[in-house]
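The block underneath contains the structure these notes are about, expressed in structure tokens.
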Amino acid sequence: MKKIMAGLSAAALCVCCAAGQEPVRSPETSYGDTVRQLGVIKNTAEASPGYTLFAPKHYTSIYLVANDGQIVNEWKSQYEPGQSVYLLPNGHLLHCCLTKNKSFIGGGEGGRLEEFDWDGKLVWEYVLSDDKNLMHHDIAPLPNGNILAMVVELKSLEEAVKAGFNPDAVNDGKLFPDYIVEIQKTGPKSGKIVWEWHVWDHLVQNFDKTKDNYGDVAKTPGRIDPNGSGRRVKAFWNHFNSIDYNAKLDQIVISARGNSEFWIINHGITTAEAKGTKGDLLYRWGNPSTYQHNGKQMLFQQHDSQWTPDGCPGAGNILVFNNGLGRGYTSVDELTAPLNADGTYALKSDGTYGPDKLVWSYTDPDPKTFFSQEISSAQRLPNGNTLICAGVHGTLFEVTPDGKTVWEYVNPVTTRVLKQGETVPLDHRYHAQNAIFKAQRYAPDHPAFAGRELKPRGLLVENLENPVSPERRADQEHANMKPDDGGGSKPRDGKGARK
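Numbered as in our numbering, the sequence shown ends at 1356 without a single skipped number.
See the structure below:
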């Protein structure tokens, strides 16, 4: 990346930290740092108009910014994100919160939901965080006002063995399988679970004939093989990291990072029906080896699988941020699922789900220059462009269908708001501390903005007069390092050397 720090705009306004005591945040030890240009790097007429919502991963404020970097709204929480944030049609903000529940460690922890009105008043809160369950990563607001959320539940090694797991492969002596809940708000500080779907109800395995769920994995693609990954099983086994809802189909798509697949399930059934065959997977895509079929692996520990909404080119297709762990580069991939008229999905003659080819895919001309190995997101915009969040680098950028970058923004917020010219610290995984889990662009005619004047409130950071887009959105050296490899967990000094 080119080091360009000269030429600050004298007219730019900078938003200062509010006076008074700051909310408590996670202590961060620096494992080195990286030189970055901050704020708006590129803003062209080809960018899709609107306002971008993001929550810096190590901070407690949430920002809505215009394409020129001007803040048009800010919400303040006492919690870091855990992990997503969304605007509702009424202008309220839904904020997933990190509760620091030490019973569940594995990435993407949450545990609490908050709803703020447009002016920042907390109007609803809900906690699902104890020693047996933890909400995490992402939510999906529903048209009826309810919320779909992803939760992990504790299972012992004994329960895992009973379910057909190879006991020698259970890495942590326990499991945190996922389930989905639908939450109905019942009061300012309460909610009721009105629907559930559990992975644990949909297992099939051919490891242990003595178990009730023994069967032919290859002939049962609607069920999940406990030993299907072929690797040692971490506690965060499925590692769901995104959820999206399709109202027309009444279906849910889930990104199952642990399987390098996304799954689609039926929401139009009861909780009782969801425990049986009606709750089996309707469709899965990305890694046929997980249900014991040959075929090309297409996804590599992906994030943010979602249907492209009506009003956008490719409506009904599925877009996914394909992180590329194990492959060495990132892509954003779009596909058309083989949907039948009755809402089911067609299997190919070889027993796997297509498609074999993508509708569209973005990566850099040299793929190794775009690698965001964890977190991150992608969103199709109304003008056909795609907003991409390279999460571990804190970089948001928008590309045209032919891959041209037309807008780019680097988050200037770590555990504090940085000034232009300051370096960005790295955390223990060598992720930049200005990381962002997910970003969303909202069009100017979104219902949340109806009757509201979105006045510019200033910039988070002074923009450079002549910024230059980075040559790389990857830090290969740090991406290849792991905290448990060769002493890599030791903090680094300011020059990147281990202390």
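Ideal Cβ placement from N, Cα and C applies to all residues, glycine included.
Within the DSSP bridge table, the entry for Leu1253 names Cys1246 and Tyr1266 as partners. CA-to-CA, the gap between Glu1231 and Leu945 works out to about 26 Å. Within the region 1057-1111, complete beta strand (DSSP E) segments of at least 3 residues are found at 1097-1103, given in chain order. Annotated three-state conformation of Asn1179 is strand, per DSSP. In the three-state reduction of the DSSP assignment, Ser1326 falls in the coil class. Around the beta carbon of Thr1209, 16 or more other beta carbons sit within 10 angstroms, so the residue counts as buried.
Just measuring C-alpha positions, the residue of Tyr936, Gly948, Tyr1071 and Gly1152 sitting nearest Thr1272 is Tyr936. In the DSSP annotation of this structure, the continuous segment of the beta strand (DSSP E) that includes Lys1042 starts and ends at Asp1035 to Gly1044. Judged by beta-carbon spacing, Phe1093 lies within the 8 Å limit of Gly963, meaning their Cβ atoms are closer than that value.
In this structure, Ser1146 lies away from Phe1119, with their beta-carbon atoms at least 8 Å apart.
Per DSSP, Ala1129 lies in no beta strand (DSSP E); the unbroken alpha helix (DSSP H) holding it starts and ends at Thr1128 to Ala1131.
Close CB contacts of Pro1045 within its chain, under the 8 Å cut and outside five residues either way in sequence, are with Val980, Trp981 and Glu982 (chain order).
Under the 8 Å Cβ criterion, the region 1179-1195 does not count as touching the region 1046-1057, having fewer than three qualifying pairs. Excluding sequence positions up to five before and after Pro998, its CB lies within less than 7 Å of the CB of Tyr943, Leu945, Leu951 and Ile1004, all in the same chain and listed in chain order.
Residue Asp925 holds the alpha-carbon nearest to the alpha-carbon of Lys1312 among Asp1058, Asn1179, Gly1248 and Asp925. For Val1318, there is no enclosing alpha helix (DSSP H), as DSSP gives it neither H nor E. Per DSSP, the continuous beta strand (DSSP E) segment holding Lys1295 begins and ends at Ile1293 to Tyr1299. When the Cα atoms are used, His1059 and Gly1133 turn out to be separated by approximately 8 Å. Close CB contacts of Phe1064 within its chain, under the 6 Å cut and outside five residues either way in sequence, are with Gly1021, Asn1023 and Asn1084 (chain order). By alpha-carbon distance to Thr1067, the top candidate from Ser1099, Lys1019 and Ala1113 is Lys1019.
Here Ile1121 really is in contact with Leu1138; their C-beta atoms are around 7 Å apart, less than 8 Å.
Tyr1219 and Arg1329 have their C-alpha atoms some 15 Å from each other. Here the alpha carbons of His1303 and Gln927 stand approximately 18 Å from one another.
Ser941 is not a Cβ neighbour of Cys954, given a cutoff of 8 Å.
Looking only at Ile1081, Val984, Leu1215 and Lys1042, the smallest Cα-Cα distance to Asp1035 is reached by Ile1081. Asp1101 places its beta carbon 8 Å or farther from that of Val1090. An exposed status is given to Gly1260, since fewer than 16 other beta-carbon atoms sit within 10 Å of its beta-carbon.
The region 1265-1281 makes contact with the region 893-913: 3 or more CB pairs, one atom from each, lie closer than 8 Å. Each residue's CA atom was taken as its position, placing Thr891 and Ala1017 some 42 Å apart.
Taking a contact to require three or more Cβ pairs closer than 8 Å, the region 1194-1204 and the region 1147-1159 do not qualify as touching. His1096 and Asp995 have their alpha carbons spaced roughly 11 Å apart.
Secondary structure at Gly1136: helix, using DSSP grouped into helix, strand and coil. Closest by C-alpha distance to Val1274, out of Ile898, Ala902, His1250 and His915, is His915.
Taking the CA atoms as reference points, Asn947 sits about 8 Å from Ala1307. Closest in alpha carbon position to Asp1221, among Asn1197, Asp1207, Lys1135 and Glu1255, is Glu1255. Residue environment: Glu1322 is assigned as exposed (fewer than 16 neighbouring CB atoms within 10 Å of its CB, all protein chains considered).
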